[in-house]
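If you count the sequence shown from 1, you need to add 21 to reach my numbering.
Backbone N, C-alpha and C define an ideal beta-carbon position, used for all residues, glycine too.
All of these numbers come straight from a predicted model, not from anything done at the bench.
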Amino acid sequence: MTTSENVMMLQIATLVLIALIIYHHAGYPLMLKVFSRLRQSGAGKVQVQSRNFRNCVGDRRVPSVHLYIPAYNEAPYIYQKITSLSWLDYPKDKLRITVLCDGCTDQTVALARSALREFSLTDMDIRVVDYPENRGKIAMVNEAIQQCEADIMAFSDVSAVLAADCFWRMAHHFMCNPNVGVVTGHYSVIKSTMKSGRSANANEQSNEQAYWNYQNQIRAMEGSLGAVMGAPGAFYAIRHHLCQPLEFDTINDDFILPMRGVAQGFNALFDPELQIFETEPSDLDMDTQRRIRISQGNMQQILRLKRLLLPDLGWASWMFTSGKFLRVLMPYCMLAVLLLSAWLAPYHWFWGVTYVTQLAVYLLATLYYLGGGQASDGSQSWIARSGLFNNKIVRLVSYLCIGHFMGLIGSAKYLLNTLMNKKQQPW
Numbered sequence: 022m023t024t025s026e027n028v029m030m031l032q033i034a035t036l037v038l039i040a041l042i043i044y045h046h047a048g049y050p051l052m053l054k055v056f057s058r059l060r061q062s063g064a065g066k067v068q069v070q071s072r073n074f075r076n077c078v079g080d081r082r083v084p085s086v087h088l089y090i091p092a093y094n095e096a097p098y099i100y101q102k103i104t105s106l107s108w109l110d111y112p113k114d115k116l117r118i119t120v121l122c123d124g125c126t127d128q129t130v131a132l133a134r135s136a137l138r139e140f141s142l143t144d145m146d147i148r149v150v151d152y153p154e155n156r157g158k159i160a161m162v163n164e165a166i167q168q169c170e171a172d173i174m175a176f177s178d179v180s181a182v183l184a185a186d187c188f189w190r191m192a193h194h195f196m197c198n199p200n201v202g203v204v205t206g207h208y209s210v211i212k213s214t215m216k217s218g219r220s221a222n223a224n225e226q227s228n229e230q231a232y233w234n235y236q237n238q239i240r241a242m243e244g245s246l247g248a249v250m251g252a253p254g255a256f257y258a259i260r261h262h263l264c265q266p267l268e269f270d271t272i273n274d275d276f277i278l279p280m281r282g283v284a285q286g287f288n289a290l291f292d293p294e295l296q297i298f299e300t301e302p303s304d305l306d307m308d309t310q311r312r313i314r315i316s317q318g319n320m321q322q323i324l325r326l327k328r329l330l331l332p333d334l335g336w337a338s339w340m341f342t343s344g345k346f347l348r349v350l351m352p353y354c355m356l357a358v359l360l361l362s363a364w365l366a367p368y369h370w371f372w373g374v375t376y377v378t379q380l381a382v383y384l385l386a387t388l389y390y391l392g393g394g395q396a397s398d399g400s401q402s403w404i405a406r407s408g409l410f411n412n413k414i415v416r417l418v419s420y421l422c423i424g425h426f427m428g429l430i431g432s433a434k435y436l437l438n439t440l441m442n443k444k445q446q447p448w
């Protein structure tokens, strides 16, 4: 092939990659919005009448639910979690709660049992199981799947606080439609305090909340098409008969477990009025580790949920491919466009502008990551004081680029660990 032909092929390849990037970030959400509105216009909304903590005739018809709360060294939050369970509005004879303490080395078990005694939760079926050995979350989840006798299995993080009516609302979705296999709700981050290290300032906290507001909108639209892509570990519920034991090294269990229910042909719904609140304090260093670990799980889940890529699952296949599958590919697409546009820059001004624009955006994101927060003593870097990131759009674009960079690190790390046959950490 001649040089001109090679250049032409590389230009076409680069344009295809750019089209994929635009489709994932703009085209897919826009199409999702259109399709979900068309679907909602012809569908009735499930009306849930409040129970108001009173016994009623409907109590006999609701499904039995077993809530599992995995815990490992959760002393700062377990007391709050146990006490918050007292306001759950659901028939007591239909709800069982088990706190699974996985070889905790702090005061998690003692504080949990203290909360049970102090708040006299004897009328509720709540158990605290203390496992002497730290086996990992997946081992506990698999054991729960095997031992559960309830119609519905629910999972919740220790740091999450649930609205009083969340189980009542969730149950009605399962009762009204036998094709509903998974139910989750609106996830809100209300954390504002710091744990250690470089803490999040107001801008960074607003970025995270904006991200979750966007994710809630996406999940609501996906749910209207019958297949919300995954669920927050803070809370979700799934029909017990759909639960399949997870591989011991599963990372994003709160995605793979419910999505295997979708792969069996069942719907996954999002209820915007089912409120879930995250209360864990903010820590940028821990947040970075969390995002890298989730990115490892994102790579793992597309390899283990290949069934969802097949078109026979309809909306679920399209949303999984356009959302989750392409999300894993995005960092590699962006890196390829950067390198290809640098190589093509001498051949046309368009590629030179494209290359320089990318460098500017990535430099901005790097500055934001390095200097966007504040130290534990409250001082700010010169970057934060400069006002460079006071613009909301600049902050969000920077936050997005940082997320993709974490995605690149996480997915590459997972592939490398897989090649080296290195086991994942249990928590």
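Backbone secondary structure at residue i - three-state DSSP
i	result
Glu299	strand
Ser209	strand
Thr342	helix
Pro112	coil
Ala171	coil
Tyr353	helix
His194	helix
His87	strand
Ile39	helix
Ile481	Past the boundaries of the shown model lies residue 481; the chain is included only from 22 to 448, so the question cannot be answered.
Ala248	strand
Leu183	strand
Arg72	coil
Phe269	coil
Gln285	coil
Lys158	helix
Ala335	With the sequence shown as reference, residue 335 is identified as Gly, and Ala is not the correct amino acid for it. DSSP places Gly335 in coil when its eight states are reduced to three.
Asn442	coil
Pro279	helix
Straight-line Cα distance separating residue j from residue i
i	j	result
Gly431	Ile272	12 Å
Ala450	Leu385	A query on residue 450 cannot be resolved here, the shown segment of the chain reaching from 22 to 448 and no further.
Ala238	Asn27	According to the sequence shown, residue 238 is Gln rather than Ala. The straight-line gap from Cα to Cα measures roughly 43 Å.
Met250	Met340	7 Å
Asn412	Trp189	42 Å
Cys125	Ala47	44 Å
Thr387	Glu154	41 Å
His194	Gln61	16 Å
Asp186	Ala252	18 Å
Ile173	Asn288	15 Å
Ser217	Leu359	Residue confidence is low: Ser217 scores 44 on pLDDT, short of 50, so the model does not pin down where it sits. Its coordinate-derived value is still stated next. Distance between the alpha carbons of Ser217 and Leu359 is about 35 Å.
Ser245	Asp292	9 Å
Ile423	Thr378	16 Å
His426	Ser71	Residue identity differs from the one stated: residue 426 is Phe in this sequence, not His. If you take the alpha carbons of Phe426 and Ser71, they lie about 45 Å apart.
Glu139	Phe74	21 Å
9 Å Cβ cutoff, residue i in contact with chain B
i	result
Tyr98	Here there is only one protein chain, and chain B is not present.
Proximity winner among the options, relative to residue i (alpha-carbon distances)
i	options	result
Cys169	Ser245, Met242, Ile259	Ile259
Phe276	Asn234, Asp127, Thr300, Ile323	Ile323
Lys113	Thr104, Asp144, Asp127	Asp144
Arg58	Trp339, Met242, Glu294, Gly335	Met242
Leu326	Arg60, Ile297, Val283, Ala133	Val283
Ser313	Tyr208, Tyr435, Trp370	Going by the sequence as given, residue 313 is Ile instead of Ser. The residue with the shortest Cα to Cα distance from Ile313 is Tyr435.
Leu278	Leu38, Gly318, Ser105	Gly318
Ile315	Cys422, Gly428, Asn438	Gly428
Glu268	Ile159, Ile297, Thr309	Ile159
Ser135	Gln101, Leu109, Leu116, Asp123	Gln101
Asn198	Arg72, Lys54, Pro367, Gln68	Gln68
Ile414	Met441, Tyr368, Ala231	Ala231
Val203	Met161, Leu116, Phe256, Ser209	Phe256
Exposed unless 16 or more other CB atoms sit within 10 angstroms - verdict on residue i
i	result
Arg416	buried
Arg281	buried
Thr300	buried
Tyr235	exposed
Thr129	buried
Gly286	exposed
Asn163	buried
Glu95	buried
Arg240	buried
Ile42	buried
Leu38	buried
Ser25	exposed
Thr205	buried
Phe346	buried
Lys443	exposed
Ile297	buried
Trp108	exposed
Bridge-paired residues (DSSP) for residue i
i	result
Arg134	In DSSP, Arg134 forms no bridge with anything.
Leu290	Val204
Cys122	Ala92, Asp151
Arg416	The partner list for Arg416 (beta bridge, DSSP) is empty, contrary to what the question assumes.
Arg117	His87, Asp146
Phe176	Tyr89, Tyr257
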